[in-house]
Amino acid sequence: MQGLIYFSISSLIFVSSQILIKYGINRVGEKHGIQFLISSLKSPFVLSGLFLSGIGAIVWLFILSKYELSYSVLILSITYVLFLIGSQFFLGESVSLLRWIGAMLIIVGVYIVTKS
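Positions in the sequence shown are counted from 1; adding 207 to them yields this note's numbering.
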């Protein structure tokens, strides 16, 4: 049960960070090269996402200290499903039926791994 909490926190942090970064970059607009980089790094959404990514890396280090890498990576693949949900609801992206089917396969795979 405790492991589930660690993995859930890690997934939520990683998904939140990437959604914030993507949202911030979408607001930067059509800029290129160094101008894009400067504008992106001025975005509070991008900066918040990068900060969360750092926190996520610390949580990941903690997970790796407690669990095998082969197990941890497979469990955290549930993050891809959360990306689909988050990108649809927070970014307004459309998610095709084939992507949802793929997400269901990931869920089945994670379930199998948790039983090992």
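Glycine included, every Cβ here is placed at the ideal spot set by N, Cα and C.
So residue i and residue j are supposed to be a Cβ contact under 8 Å. How far apart are they, rounded?
{"i": "L257", "j": "I228", "result": "7 Å"}
{"i": "V302", "j": "Q295", "result": "5 Å"}
{"i": "S279", "j": "L271", "result": "6 Å"}
{"i": "R216", "j": "V253", "result": "Per the sequence shown, the amino acid found at residue 216 is Ile instead of Arg. With a Cβ gap of about 22 Å, I216 and V253 do not count as contacting."}
Looking at the unbroken alpha helix (DSSP H) that takes in residue i, where does it start and where does it end?
{"i": "K322", "result": "Here K322 belongs to no alpha helix (DSSP H), and DSSP marks it neither H nor E."}
{"i": "L257", "result": "P251 to K273"}
{"i": "L276", "result": "L276 to I282"}
{"i": "S294", "result": "I285 to L298"}
{"i": "G231", "result": "Q209 to V235"}
Do you know how far the Cα of residue j is from the Cα of residue i?
{"i": "Y274", "j": "E300", "result": "34 Å"}
{"i": "L283", "j": "Y230", "result": "23 Å"}
What does a CB cutoff of less than 6 Å around residue i pick up in its chain, not counting 5 residues either side in sequence?
{"i": "S246", "result": "V235 and K238"}
{"i": "A310", "result": "V288 and L291"}
{"i": "S260", "result": "S224"}
Closest by CA to residue i, which one among the options?
{"i": "Y213", "options": "L304, L268 and Q242", "result": "L268"}
{"i": "Q225", "options": "G240, F290 and S250", "result": "F290"}
{"i": "L312", "options": "L281, F297 and L298", "result": "L281"}
{"i": "S218", "options": "A264, S255 and L254", "result": "A264"}
{"i": "G293", "options": "L211, V222 and S215", "result": "V222"}
Within the present structure, is the beta-carbon of residue i separated from the nearest heavy atom of the ligand MG by less than 7 Å?
{"i": "M311", "result": "With respect to the ligand MG, the structure shown offers nothing to examine, as it has no ligands at all."}
Quick one: residues in its chain with C-beta nearer than 8 Å to the C-beta of residue i, no 5 flanking neighbours on either side, listed in chain order?
{"i": "P251", "result": "G231"}
{"i": "W307", "result": "L291"}
{"i": "V317", "result": "L281, I282, S284 and I285"}
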